[in-house]
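The block underneath contains the structure these notes are about, expressed in structure tokens.
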Amino acid sequence: MSVKILEKDMIIKQNSDGFTPLIIGQPTTIFTARAQRLRQLAQDSFMSDYLLLVGQIAQQQANLAEQFESQIQTLAAQQTPLWPLTFDNTWMPLLTKMLNTMLDALIPVVSEDMLAVLNEVKTLDNTTLEQYFSQLQQNQFDSVPSEQAILLFAVLNTFVSLYVAALRLEWQPELDKKQHNCPLCGAAPVASLVKDRGVRYLHCSQCEAQWHRLRAECTQCDDGEDIQLKSATLEDAVRAETCSHCNSYLKIL
16 MSVKILEKDM IIKQNSDGFT PLIIGQPTTI FTARAQRLRQ LAQDSFMSDY LLLVGQIAQQ
76 QANLAEQFES QIQTLAAQQT PLWPLTFDNT WMPLLTKMLN TMLDALIPVV SEDMLAVLNE
136 VKTLDNTTLE QYFSQLQQNQ FDSVPSEQAI LLFAVLNTFV SLYVAALRLE WQPELDKKQH
196 NCPLCGAAPV ASLVKDRGVR YLHCSQCEAQ WHRLRAECTQ CDDGEDIQLK SATLEDAVRA
256 ETCSHCNSYL KIL
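Take 16 as the starting number for the sequence shown in our numbering and just add one per residue.
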């Protein structure tokens with residue numbers, strides 16, 4: 016699918032009412048809020064150990080975003096990427112530095128089991144690291160050991176979100192195209208969000224951007240006849256948008 020990405024200074028706004036088809040995330044703010052939310056959820060959960068761990072990782076993502084923002088801005092300014100993004104080996108020096116910084120920060124605070132995983136990641140050679148980062152960027156999660164993928168993807172997620180934020184871009188959707196995956200990095204959406212005036216956006220799992228998508232149709236197969244909203248209770252704020260046509264689902268907030 017062709018994706019039309021324009022420089023922010025050049026694009027003609029589609030509407031004068033403030034609507035934009037693309038919202039670029041603010042990485043430090045997102046990761047800080049995510050870490051705080053995970054710590055809150057851990058207080059009353061039977062999964063508290065896991066939630067505290069991913070909360071620690073999210074906090075390190077926020078720290079990385081602050082520490083490496085200017086370096087990634089410099090790198091992005093020197094490149095002319097194709098859209099959606101594909102892995103570039105020129106990212107590796109910064110990805111490696113970010114990974115080592117995160118691992119060093121996590122070592123003193125994780126469990127013995129997780130410490131063993133951190134040490135495994137530390138011993139990966141550059142060729143393997145580059146292969147894993149490339150596979151994760153291309154959504155090939157099954158190709159990377161799952162216990163290592165959570166750490167590697169956290170670094171990639173931070174890098175790509177900073178990279179996208181550094182390139183003052185807008186997305187101009189094509190009227191006859193349905194954008195199933197992120198127009199900036201090609202990743203799948205992690206959630207569907209309904210914002211002011213009932214406008215729906217899909218939130219990218221990799222670069223933290225949000226792109227507009229019409230409601231009342233499946234985000235995967237475009238079917239509009241077999242969509243249902245389901246939740247465990249009527250009071251739940253988080254629901255799942257399910258499609259019986261293609262058997263897919265997506266969390267909706």
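We treat Cβ as the ideally placed atom computed from N, Cα and C, and that holds for glycine.
Predicted, not measured: the structure shown is a model, and the values here were computed from it.
Residue i - DSSP class collapsed to helix/strand/coil
i      : result
GLN155 : coil
LEU265 : strand
ALA255 : strand
GLN225 : strand
ALA91  : helix
LEU208 : strand
ILE165 : helix
THR38  : The question names Thr, but residue 38 in the sequence shown is Ile. Correct three-state label for ILE38: strand.
GLN75  : helix
GLU189 : coil
ASP119 : helix
GLN86  : helix
GLN29  : Confidence at GLN29 is low in this model, with a pLDDT of 43, below 50, so its placement is unreliable and the value that follows should be read with caution. Of the three classes helix, strand and coil, the one that applies to GLN29 here is coil, per DSSP.
Limits of the unbroken beta strand (DSSP E) element including residue i
i      : result
PRO125 : One point to set straight first is that residue 125 is Val, not Pro, in the sequence displayed. No beta strand (DSSP E) holds VAL125; DSSP gives it neither H nor E.
PRO198 : Element bounds for PRO198: n/a, residue is neither H nor E.
Proximity winner among the options, relative to residue i (alpha-carbon distances)
i      : options                       : result
GLN51  : PHE61, LEU67, PHE34, PHE148   : LEU67
GLN71  : ILE242, PRO36, THR89, LEU118  : LEU118
CYS233 : TYR264, PRO123, LEU144        : TYR264
SER246 : LYS266, ARG228, LEU229        : LYS266
LEU167 : VAL69, PRO198, GLN58          : VAL69
LEU171 : THR111, TYR216, VAL214        : THR111
ASP211 : HIS227, LEU100, TYR147        : HIS227
LYS192 : GLY213, LEU184, CYS236        : CYS236
GLN76  : THR47, ASN104, GLN58          : THR47
ASP128 : THR142, ALA231, GLN243, TYR65 : TYR65
Residue span of the alpha helix (DSSP H) that contains residue i, given as start and end
i      : result
LEU182 : Note, LEU182: premise wrong, no alpha helix (DSSP H); not H, not E.
ALA50  : 42-57
Sheet register partners of residue i (DSSP bridge)
i      : result
ILE242 : CYS258
ARG215 : VAL209
The ligand ADP heavy atom lying under 7 Å from the CB of residue i
i     : result
GLN82 : This structure lacks the ligand ADP; in fact it carries no ligand of any kind.
Cβ of residue i within 8 Å of any chain C Cβ
i      : result
ARG254 : In the displayed structure, chain C is absent; only one protein chain is listed.
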